[in-house]
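Novice: Residue numbers (the numbering used here): 25 to 126. We treat Cβ as the ideally placed atom computed from N, Cα and C, and that holds for glycine. What follows is a structure written as structure tokens; I'll ask about it next.
The structure is reproduced here in structure tokens:
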């Protein structure tokens, strides 16, 4: 017997349970206690701090975006430099080979 057979996995469910209706009444659980929703009024100082936090967050996001753009531009520049160096290397090798041949 395989593992699925031992644990009861993969067995068909009882057809009688399939058509069983769920009761419409929900009985309250004794462990769960309901609480009134609490409302808190914001003090003017709290609102100012919140606005400052939002402003700082926006500034950081802007700085991160600028940094990401700088990295991308640097990568593009390095790619151009590598390409240019490759071209220069090829030209120098051709000149060196032609100067050796003569």
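With DSSP collapsed to three states, give me the class of residue 96.
Specialist: Working through the chain shown from its first residue, we reach residue 96 at position 72. It is helical.
Novice: Let me know the secondary structure DSSP gives residue 65 once reduced to three states.
Specialist: The count along the chain shown starts at 1 and reaches residue 65 at position 41. Coil at residue 65, not helix or strand.
Novice: For residue 93, collect the residues of the same chain with a Cβ closer than 6 Å to its Cβ; drop the 5 residues on either side in sequence, then sort them by chain order.
Specialist: The residue you call residue 93 lines up with position 69 of the chain shown. Excluding sequence neighbours, residue 93 sits near nothing in its chain.
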